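Chemist: Next up is a structure, given as structure tokens.
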Amino acid sequence: MANTPARKQIRWTDEMDSILIRVLFDEAVSGNRKSDNGWKPEALKHLVEAVVQLFGAGLQPKHVRSRLKTMKKEYQAVKEALDKSGFTFNNETHLIGGDDVVWEDYLRAYPKAAFLRYKMLLYYDEMVVIFGKDIANGSNHFEPMDEMDGGMDETQSPTHTNASLIG
């Protein structure tokens, strides 16, 4: 890794996401989160070191932090949808369920959340533990995927068409 030049963008594979989620989950279960908004510095350091060590090849701490930010935003979009009447999470299919009318109404209000309709959320239960208390509600209402289009330091692998970074 020492001789590998840093890359501006990293393609996150399913395997990389799986490792990242596993390490995040372990850190959350170990109590290495701040009480309200995020991670203790030592938890972030461990997370970055673990992922960089496993995957090397130009992966830098900023890439891991960017992926973490993306994961949190995507989880927030999922949570927003599931908090609406008419949506449920199907543990067998790992999809958000809702009839066509519910989806049409929701997507009319939140068009950027269209990706949620057919996205498998394989790691949803882990993400609840990882980000569950980090998600704002009430006065700081979030419109799903508001910021997903801008300035990310990483990109999604084409293998993620049906699988989510949440799964």
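Here the sequence shown is numbered in my numbering, starting from 502 and rising by one per residue.
Glycine included, each C-beta is placed from N, C-alpha and C at the ideal position.
Here the structure is a predicted model, which is why all the values come from computation and not from measurement.
Arginine 609 lies in the alpha helix (DSSP H); which residues open and close that run?
Modeler: As a working mapping, residue 609 is identified with position 108 in the sequence shown. Note, arginine 609: alpha helix (DSSP H), 601 to 610.
Chemist: Where do the ends of the alpha helix (DSSP H) carrying threonine 571 lie?
Modeler: Stepping through the sequence shown from its first residue, residue 571 is reached at position 70. First-last of the alpha helix (DSSP H) with threonine 571: 562 to 583.
Chemist: Run through DSSP, which three-state label would phenylalanine 526 get?
Modeler: Counting from one through the sequence shown, the residue named residue 526 turns up at place 25. Phenylalanine 526 falls in the helix class under three-state DSSP.
Chemist: Could you name the residues of the same chain whose beta carbon sits closer than 6 Å to that of threonine 589, not counting the 5 residues immediately before and after it, in chain order?
Modeler: Working through the sequence shown from its first residue, we reach residue 589 at position 88. Excluding residues within five positions, the ones whose Cβ falls inside 6 Å are Gly598.
Chemist: What is the DSSP secondary structure of leucine 596, reduced to helix, strand or coil?
Modeler: Along the sequence shown, one-based indexing puts residue 596 at 95. Three-state result, leucine 596: strand.
Chemist: If contacts are defined as beta-carbon pairs under 8 Å, then valine 565 and valine 552 qualify, I think. What distance do you get, rounded to the angstrom?
Modeler: Translated into the one-based positions of the sequence shown, residue 565 becomes position 64. Translated into the one-based positions of the sequence shown, residue 552 becomes position 51. Right, the Cβ-Cβ distance comes to about 5 Å (below 8 Å), so this counts as a contact.
Chemist: With H, G and I counted as helix, E and B as strand and the rest as coil, what does DSSP make of phenylalanine 590?
Modeler: Counting from one through the sequence shown, the residue named residue 590 turns up at place 89. It is a strand residue.
Chemist: Taking the straight line between their C-alpha atoms, what separation do you get for leucine 521 and glutamate 575?
Modeler: Mapped onto the sequence shown, residue 521 falls at position 20. Mapped onto the sequence shown, residue 575 falls at position 74. Cα-Cα distance, rounded: 15 Å.
Chemist: Just confirm the distance between the C-beta atoms of valine 630 and valine 530, as a whole number of angstroms; I'd bet it's less than 8 Å.
Modeler: Stepping through the sequence shown from its first residue, residue 630 is reached at position 129. Stepping through the sequence shown from its first residue, residue 530 is reached at position 29. The Cβ separation is near 7 Å, so the contact holds.
Chemist: Let me know the secondary structure DSSP gives aspartate 515 once reduced to three states.
Modeler: Here the question's residue 515 lines up with position 14 in the sequence shown. Here aspartate 515 sits in helix by DSSP.
Chemist: When the Cα atoms are used, what is the spatial distance from phenylalanine 556 to aspartate 518?
Modeler: Numbered from 1 along the sequence shown, position 55 holds the residue referred to as residue 556. Numbered from 1 along the sequence shown, position 17 holds the residue referred to as residue 518. One C-alpha to the other measures close to 11 Å.
Chemist: Can you tell which of Trp604, Arg609 and Met621 has the C-alpha that lies nearest to the C-alpha of asparagine 592?
Modeler: The residue given as residue 592 occupies position 91 in the sequence shown. Among Trp604, Arg609 and Met621, the Cα nearest to that of asparagine 592 is on Met621.
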